[in-house]
Amino acid sequence: MITSRSLRYAVSCLLSLLLLTSVTPRLTRADAAPCLVMLKDGDLWMWCDGSEDIQQLTQYGHHRRPVMSPNGAYIAFNSIAPETVTALTALGYSATDISLDDWPSNMWVMSLIDRQPVQIAAQPAEIGFAGALPNNAVSRSNPTWSPDGQTIAWTEIVFDQNPALDSLTYRLVTYNLVTNTTQVIVPDLPKPYQKEETLRAIRVLWGAGGLALVISHEPPMRELYIFDPNGQQIVMASLGRENFYDFLWMNDGDRAYVGIMYFAKPWELVDPATGQAQPMNGTPEMYSTQGDNYATFITIKMNGAQIAGLEWQAAEKSISKVAPIDFHGETNFAHRITVSPVGVAFVSDAVYVWRESGVKRIKNTENIARGWEDTEAGGLAWGTTAWRVRR
Numbered sequence: 047m048i049t050s051r052s053l054r055y056a057v058s059c060l061l062s063l064l065l066l067t068s069v070t071p072r073l074t075r076a077d078a079a080p081c082l083v084m085l086k087d088g089d090l091w092m093w094c095d096g097s098e099d100i101q102q103l104t105q106y107g108h109h110r111r112p113v114m115s116p117n118g119a120y121i122a123f124n125s126i127a128p129e130t131v132t133a134l135t136a137l138g139y140s141a142t143d144i145s146l147d148d149w150p151s152n153m154w155v156m157s158l159i160d161r162q163p164v165q166i167a168a169q170p171a172e173i174g175f176a177g178a179l180p181n182n183a184v185s186r187s188n189p190t191w192s193p194d195g196q197t198i199a200w201t202e203i204v205f206d207q208n209p210a211l212d213s214l215t216y217r218l219v220t221y222n223l224v225t226n227t228t229q230v231i232v233p234d235l236p237k238p239y240q241k242e243e244t245l246r247a248i249r250v251l252w253g254a255g256g257l258a259l260v261i262s263h264e265p266p267m268r269e270l271y272i273f274d275p276n277g278q279q280i281v282m283a284s285l286g287r288e289n290f291y292d293f294l295w296m297n298d299g300d301r302a303y304v305g306i307m308y309f310a311k312p313w314e315l316v317d318p319a320t321g322q323a324q325p326m327n328g329t330p331e332m333y334s335t336q337g338d339n340y341a342t343f344i345t346i347k348m349n350g351a352q353i354a355g356l357e358w359q360a361a362e363k364s365i366s367k368v369a370p371i372d373f374h375g376e377t378n379f380a381h382r383i384t385v386s387p388v389g390v391a392f393v394s395d396a397v398y399v400w401r402e403s404g405v406k407r408i409k410n411t412e413n414i415a416r417g418w419e420d421t422e423a424g425g426l427a428w429g430t431t432a433w434r435v436r437r
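Written out as structure tokens, the structure is:
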């Protein structure tokens with residue numbers, strides 16, 4: 047980890063300069079095949095097309111999954127804070143146990159050129175673990191990038207000196223990479239239903255229509271909130287009592303929606319301006335924004351009139367090839383499968399790359415997933431991707 051203030055300042059200046067001069071660079075021959083970044087055993091690793099093995103980028107053991115910037119030049123990620131690791135290890139927690147919950151964590155950005163992580167959010171100096179909950183500490187969600195790539199957002203759980211489960215503060219935070227400034231844009235988010243044994247930060251996704259969060263209240267009621275970049279609430283839409291596989295920003299034609307993929311009812315698109323839902327009338331498809339030749343999309347397994355699960359297909363457009371892939375992602379799937387200009391990568395018992403020539407298993411990625419209850423397992427990022435409705 048980087049602790050030198052001077053190095054942090056220099057790298058931060060480089061980040062700002064590159065973001066100001068080239069937010070969405072045109073791809074060249076050299077960067078048309080981005081390297082695949084993955085989370086393995088709490089560290090970040092990289093595999094580049096043509097390589098036989100993976101390369102280790104970090105050596106900490108408690109990082110979370112990487113999230114790619116819109117220009118494909120940076121990743122953002124959080125990591126369990128060292129103070130947290132020390133306290134929980136002393137209590138007998140294993141590395142896997144620590145990885146399963148949203149404990150107090152720090153936020154980082156890494157350039158994929160110099161590969162030096164820069165910390166952009168840390169813990170209060172008074173952090174402690176005197177009781178069942180941390181005190182004077184901050185837990186953070188996975189980050190999400192603004193569409194222009196200049197700002198990162200995440201949610202926080204703030205633990206005070208004497209925290210109680212029903213008095214925790216939840217807030218929405220942004221960090222501007224150009225000005226190197228942090229802003230709490232929503233200081234008091236609606237409180238979700240929580241249990242001490244499964245404490246979770248609220249997930250946030252930034253898309254063309256704003257910052258989307260789904261908050262679960264007394265189970266099983268869920269509400270979709272969308273905020274603008276300044277923290278003003280645009281819409282709140284009730285999602286009712288239905289469980290769902292995931293929610294994602296996706297385009298239908300030239301319009302952006304929040305797609306809701308329910309377990310047992312037809313999937314819907316929610317208008318971010320009005321909160322009105324309409325039938326999806328298609329299936330979600332992930333594609334690379336750096337070259338739209340490969341894609342992966344979901345088909346639905348039916349049992350009579352009921353949805354029985356999801357099946358995944360990969361597509362290579364230049365030869366009109368579509369084939370099923372051995373990926374069984376249902377919940378927590380969005381970061382376990384990804385697309386680049388040169389193939390589709392996914393996690394099963396290892397990391398695999400699908401392309402028209404066949405399927406390749408990446409060496410030394412066996413057992414990368416520690417079970418589907420580990421929401422960080424795999425953590426693939428391979429260039430920049432987006433979702434759309436496929437018909």
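In my numbering, the protein residues as written are 47 to 437.
All residues carry an ideal CB built from backbone N, CA and C; glycine is no exception.
Keep in mind that this is a model prediction, so the values were computed, not measured.
Sequence-distant residues of the same chain with beta carbon closer than 7 Å to residue i, five excluded per side
i: Gln102; result: Asp89 and Trp91
i: Val232; result: Arg217, Leu218, Phe273 and Gly277
i: Phe445; result: In the structure as shown, the chain starts at 47 and stops at 437, and residue 445 therefore has no counterpart that could be examined.
i: Arg72; result: Low local confidence applies: a pLDDT of 32 at Arg72 is under 50, so the model's placement there is unreliable, with the coordinate-based value given in what follows. Once the five neighbours on either side are set aside, Arg72 has no close Cβ partner at all.
i: Ser125; result: Tyr106, His108, His109, Arg110, Ser151, Asn152 and Trp154
i: Gly256; result: Ile272, Phe273, Asp274, Ile280 and Pro318
i: Ile144; result: His108, Ile126, Val131 and Leu134
i: Thr431; result: Met332, Tyr333, Ser334, Thr335, Thr384 and Val385
i: Thr215; result: Val204 and Asp234
Nearest candidate by alpha-carbon position, reference residue i, set the options
i: Val397; options: Met326, Gly404, Asp298 and Ile408; result: Ile408
i: Gln196; options: Leu356, Ser187, Tyr139 and Met114; result: Met114
i: Pro325; options: Val304, Ser334 and Asp338; result: Val304
i: Gly404; options: Ala369, Ile414 and Thr431; result: Ala369
i: Leu158; options: Trp428, Asn413 and Gly255; result: Trp428
i: Pro128; options: Ser185, Ala254 and Ser284; result: Ser185
i: Gly286; options: Met267, Gly299 and Met296; result: Met267
i: Ile203; options: Asp194, Ala247, Tyr239 and Asp160; result: Ala247
i: Lys311; options: Asn208, Ala323, Ala302 and Arg301; result: Ala323
i: Gln207; options: Thr201, Asn181 and Lys367; result: Asn181
Residue(s) in a DSSP beta bridge with residue i
i: Asn152; result: Ser125
i: Asp89; result: Lys86
i: Pro163; result: Met156
i: Ala432; result: Tyr333
i: Asn222; result: Thr197 and Thr227
i: Tyr340; result: Glu362
i: Val316; result: Val304 and Ala323
i: Asn349; result: Gln352
i: Ile144; result: None; Ile144 has no bridge partner.
i: Thr384; result: Ala391
i: Ser185; result: Pro150 and Ile203
i: Phe273; result: Leu257 and Gln279
i: Glu357; result: Thr345
i: Gln101; result: Met92
i: Lys406; result: Val399
i: Met296; result: Tyr303
i: Val368; result: Ala361
Buried or exposed by the 16-neighbour rule on C-beta atoms within 10 Å, applied to residue i
i: Asn349; result: exposed
i: Met84; result: buried
i: His263; result: exposed
i: Ser213; result: exposed
i: Val250; result: buried
i: Lys86; result: buried
i: Glu288; result: exposed
i: Arg382; result: buried
i: Met282; result: exposed
i: Tyr271; result: buried
i: Ser140; result: exposed
i: Thr132; result: exposed
i: Tyr333; result: buried
i: Thr225; result: exposed
i: Tyr340; result: buried
i: Ser187; result: buried
i: Ala254; result: exposed
i: Ser148; result: What sits at residue 148 in the sequence shown is Asp, not Ser. Under this definition Asp148 is a buried residue.
Residues of its chain near residue i, where Cβ-Cβ distance is below 6 Å and the 5 sequence neighbours each way are ignored
i: Thr67; result: Note that Thr67 scores a pLDDT of 36, beneath 50, so its modelled location is shaky; the value from the coordinates is reported in the next line. Once the five neighbours on either side are set aside, Thr67 has no close Cβ partner at all.
i: Ile346; result: Ile353
i: Thr220; result: Thr197, Ala199, Gln229 and Ile231
i: Pro236; result: Ile261
i: Arg437; result: Gly328
i: Ala449; result: The requested residue 449 is not part of the displayed model; the chain covers only 47 to 437.
Cβ neighbours of residue i in the same chain (closer than 8 Å, five flanking residues each side left out)
i: Asn413; result: Asp395 and Ala396
Below-8 Å beta-carbon distance, residue i vs any chain B residue
i: His108; result: The structure shown contains no chain B, having only a single protein chain.
Given 8 Å as the limit, is there contact between the segment 364 to 380 and the segment 390 to 406, that is, 3 or more CB pairs closer than that? Contact holds: three or more Cβ-Cβ distances are below 8 Å.
Touching by the beta-carbon criterion (3+ pairs, under 8 Å), the segment 106 to 123 and the segment 171 to 178: As far as the Cβ criterion goes, the segment 106 to 123 does not touch the segment 171 to 178, which means the pair count is below three.
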